[in-house]
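Following this line, the structure appears as structure tokens:
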């Protein structure tokens, strides 16, 4: 069984998914930085790049958004090929686009001209007559039945198409499908109406709030309850549920306990652990996560776990536990892109196969699309996880102002020698200077006055000028200046 916890602050909403008493996912939405995925805009092409077969589009955000030719409907031909982007787009062209990926890091939002509007059971494709079924519904018999059912319900006048959502596999009624069709058709007509009079760039449709999307997309038969710790938000979600997802209404509850909701379920501690570089395993082993711009690496270590039998058995058990923990951490941290796992070396092929099978089984419940490769000759496993929004660390943290995100800084002694080399360089360039004044942190100045005092005397002799020291309390250990006087 699972539970959904909705914590509401003045400017922030946090939603935790609890399964079997343990937190599996955390979602954060802030008023100052809410996501854009699903929003529909009327944009203007500001630059076409034939070499990249892409264009930059102004949709009113801080950074221009990115549109690739593969995501331009009018560029796709019946034979499966695409026209060059310069044949279908030009600077100044107005077009309706939808955000497919939020801005991440220094990259702008990713766009598509294939508009889709999501309902409870159906996704509406106003510009495509195709009837599809979610790929997560694996039974071919059930897929065909759902496709035929929706096709029979679609109005003959309707030019758009639909995709049957995963939640319709187990329970869906004709009334729910018809209600979705009517609602989504009305929504599309309102979007079109706005587009006729909007001044470019313009927001034509804003996707539901995070809490509303959770009710629409994440509640299933195994969801026992949805706890909300704010009365106003609770009442608005009840109204939303009554209109769009009535089956969810009875599971919505207002939490009025004295202890904070997230503290009661241990969510705050889980969030802190998810921001840590190291994750301890119950056996005594541990994982080390290193997240970079290009990829995320995960190192598995035995730590204090030595086992009761031979070492290969210890390694195997640690790797099995690590596979389960990695799957959970990927969801919890919302890590995307390329992920490299360095399991502890295993000599037996059956052990490697068992660990790989356990990893694939553990990630199979992830709603985000993933691929898992086999072990490489170096004993590494490469995975890819679709990146649709910033990771938890990028949402809640920022690079350290001292090290700039490197995770380390120069030692005080290294800084001392950097300063000395600079003074020697300056002495040759400015021969008429009377003295040099070093401005640095307390740690660096103390080292120059104590352990490096002899080197400082030799420096003054070499440059034939006095070198004075001055503490700058606002400087970090790597910051310094040499003032000429």
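Residue numbers (the numbering used here): 144 to 628.
Yeah, the Cβ is synthetic: ideal placement off N, Cα and C, and Gly gets one too.
What you are looking at is a predicted structure, and each value in this text was computed from that prediction instead of being measured.
Asked, Found
"For residue 165, three-class secondary structure by DSSP", "strand"
"Rounded Cβ spacing between residue 353 and residue 156 (contact assumed at less than 8 Å)", "6 Å"
"Residue 195 versus residue 213: straight-line alpha-carbon distance, rounded", "11 Å"
"Residues bridged to residue 582 [DSSP beta-bridge criterion]", "613 and 624"
"For residue 531 and residue 180, believed in contact at Cβ under 8 Å, the rounded distance", "6 Å"
"Reduced DSSP category for residue 393 - H, G, I as helix; E, B as strand; rest coil", "coil"
"Secondary structure of residue 385, DSSP reduced to three states", "helix"
"contact_flag[the region 145-156, the region 328-344] where n(CB pairs < 8 Å) is 3 or more", "no"
"Entirely enclosed alpha helix (DSSP H) segments - the region 324-360, minimum 4 residues", "353-360"
"Beta-bridge pairing of residue 250 - partner residues as DSSP gives them", "247"
"Residue nearest to residue 603 in terms of C-alpha spacing, selected from 578, 613 and 587", "578"
"Under 8 Å between C-beta atoms of residue 472 and residue 422", "yes"
"Beta bridge counterpart(s) of residue 121 as assigned by DSSP", "Limits of the chain in this structure are 144 at one end and 628 at the other, which puts residue 121 out of reach."
"Residue 146 burial status per 10 Å Cβ neighbour count (16 or more: buried)", "buried"
"Exposure label - residue 344; buried when at least 16 CB within 10 Å", "buried"
"Any C-beta of chain C under 8 Å from that of residue 302", "Structure shown: chain C not included; a single protein chain is present."
"Residue span of the alpha helix (DSSP H) that contains residue 469, given as start and end", "454-476"
"Residues that residue 211 bridges to, as DSSP identifies them", "197"
"Alpha-carbon to alpha-carbon, residue 431 and residue 122", "One cannot answer for residue 122 here, as it falls past the ends of the chain, which runs 144 to 628."
"Cα-Cα separation between residue 299 and residue 272, rounded to whole angstroms", "11 Å"
"Local conformation of residue 180 per DSSP, three classes", "coil"
"Enclosing beta strand (DSSP E) for residue 305 [first to last residue]", "304-307"
"Test item: CB-CB of residue 241 and residue 258 under 8 Å", "yes"
"Coarse secondary structure for residue 229, derived from DSSP in three states", "helix"
"For residue 444: DSSP bridge partner residues", "429"
"Residue from 346, 488 and 388 with nearest C-alpha to residue 355", "388"
"Given residue 317 as reference, the closest of 301, 297, 304 and 327 once Cα atoms are compared", "297"
"Beta-ladder partner(s) of residue 187, from DSSP", "201 and 237"
"Assigned exposure category for residue 454 - 16 Cβ within 10 Å defines buried", "exposed"
"Start and end residues, alpha helix (DSSP H) containing residue 220", "Residue 220 -> no alpha helix (DSSP H), and no H or E assigned at all."
"Beta-carbon spacing of residue 185, residue 239 below 8 Å", "yes"
"Range covered by the alpha helix (DSSP H) that runs through residue 561", "555-572"
"Residue 320, DSSP secondary structure in three states", "helix"
"Check whether residue 438 and residue 482 have beta carbons under 8 Å apart", "yes"
"Distance CB(residue 313)-CB(residue 270) smaller than 8 Å", "no"
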